[in-house]
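Engineer: Using the numbering used here, you'd call the opening residue of the sequence shown number 60 and step up by one each time. The C-beta atom is built at its ideal place from N, Cα and C for all residues, glycine as well. All figures in this text were calculated on a predicted structure; none of them were measured in a lab.
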Amino acid sequence: GFFDSSGDADTVTLSHELAEAVNDPTGGNQVPPWNNGHFCQPNLEVGDPVGGHDLPPITISGPSYNATYHVQELAYFGWFFHRLGGAGRVYSDNGTFTSYAPQCP
C-alpha cells in the first residue's frame, strides 16, 4: 500500500523510478528531445513515455507465500534515438510502442 497513493498497484511506481535510476543515475543522460504530450523532454526517462502501461501481472507463490506484483512497461533505448527496435520491431518491453519517439516541434 505504500506506493498506492497515485492509484498505481503495489510496485508500479517503484519499478518506474528504479528503472529510471538505473538508466540515468545522475539525470545527465541526454537523448534527442521527445514530445511527452506537454513539453519537449531531453532526458533518458525510460518510464515516463509509457506511464500508465504495465506488464502483465507477475505472481510468485510458494508453500507459505503468494503475491502478485505489477511492473510498469519501459521504453527501449532505440525509441529515444530512432534506432531499430527490439524483437518484433517494438520499442517498449510489452510492445506498446511500435514506432520511434515523437519529434519535438
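Beta strand (DSSP E) containing Ala126: first to last residue?
Structural biologist: From DSSP, the beta strand (DSSP E) with Ala126 extends over 124-128.
Engineer: What would DSSP say about Asp152, mapped onto helix, strand or coil?
Structural biologist: In the structure shown, Asp152 sits in coil (DSSP, three-state: anything other than H, G, I, E or B).
Engineer: Per DSSP, Trp93 is paired with what?
Structural biologist: Note: Trp93 sits in a beta bridge opposite Gln100, Gln162.
Engineer: Within the same chain, show all residues whose beta-carbon is closer than 6 Å to that of Glu104, passing over the 5 residues directly before and after it, in chain order.
Structural biologist: Contacts found: Glu79.
Engineer: Out of curiosity, what's the CA-to-CA distance linking Arg142 and Val90?
Structural biologist: Roughly 12 Å between the two C-alpha positions.
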